[in-house]
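Just so we're aligned: 60 in UniProt numbering is position 60 of the sequence shown, and the numbers increase by one with no gaps anywhere.
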Amino acid sequence: MTASDLPAGGQHDVSNEGTEAPFDDVITLATSTGEDGAVTVTVVGEVDTFTAPVLRSSLDTQLEQQPRELVIDLSGVQFLGSAGLAVLVETQKSARARDVDLRLVATTRAVTRPLEVTGLIDLFTIVDSSAR
Numbered sequence: 001m002t003a004s005d006l007p008a009g010g011q012h013d014v015s016n017e018g019t020e021a022p023f024d025d026v027i028t029l030a031t032s033t034g035e036d037g038a039v040t041v042t043v044v045g046e047v048d049t050f051t052a053p054v055l056r057s058s059l060d061t062q063l064e065q066q067p068r069e070l071v072i073d074l075s076g077v078q079f080l081g082s083a084g085l086a087v088l089v090e091t092q093k094s095a096r097a098r099d100v101d102l103r104l105v106a107t108t109r110a111v112t113r114p115l116e117v118t119g120l121i122d123l124f125t126i127v128d129s130s131a132r
């Protein structure tokens, strides 16, 4: 290895040699817009410290477009950690500031339990997928 192979800090970067990013197979996001202009972000997987920034970025992008309504479909989430809860709270604040209705599709215990235990469930409008 020569000095030209090293990043600016002089240390060899081994973070991605032969490994995948930690969240590659842990979270999947899909976005759709309904005929009524409502945007739905469907989340599948685990929302934790590693994946929460990916979710936050996606939700922020959608809110910048100021849809009439933003629906976060969490029915495919198997784990919702504190970082995920923080993203949901921050998204709620941002949606309210932009006058965007925010709804959560929360049909599984993996999602409803953390919201209930922390007392955050009352901050959100919870719907099931058929209510959309």
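Glycine included, every Cβ here is placed at the ideal spot set by N, Cα and C.
Give me, in chain order, the residues of the same chain whose beta-carbon lies closer than 6 angstroms to that of residue i; leave out the 5 immediate sequence neighbours on both sides.
i, result
"residue 81", "48"
"residue 115", "121"
Taking all protein chains shown into account, decide if residue i is buried (16 or more other Cβ within 10 angstroms of its Cβ) or exposed.
i, result
"residue 58", "buried"
"residue 71", "buried"
"residue 66", "exposed"
"residue 62", "buried"
"residue 40", "buried"
"residue 36", "exposed"
Below 7 angstroms CB to CB, which residues in the same chain sit around residue i once its five sequence neighbours on both sides are set aside?
i, result
"residue 92", "102, 123, 124"
"residue 75", "105, 107, 108, 129"
"residue 28", "44, 45"
"residue 110", "77, 78, 79, 80"
Measure the beta-carbon distance from residue i to residue j and round it to whole angstroms, keeping in mind my assumption that it falls under 8 angstroms.
i, j, result
"residue 118", "residue 85", "6 angstroms"
"residue 69", "residue 100", "7 angstroms"
"residue 26", "residue 50", "7 angstroms"
Considering only residues of the same chain and omitting the five flanking positions on each side of residue i, which have a CB-CB separation below 8 angstroms?
i, result
"residue 87", "47, 52, 55, 56, 59"
Residue ranges of each alpha helix (DSSP H) run of no fewer than 4 residues wholly in the UniProt domain "STAS" (36 to 132), ordered along the chain? 52 to 64, 82 to 97, 109 to 118
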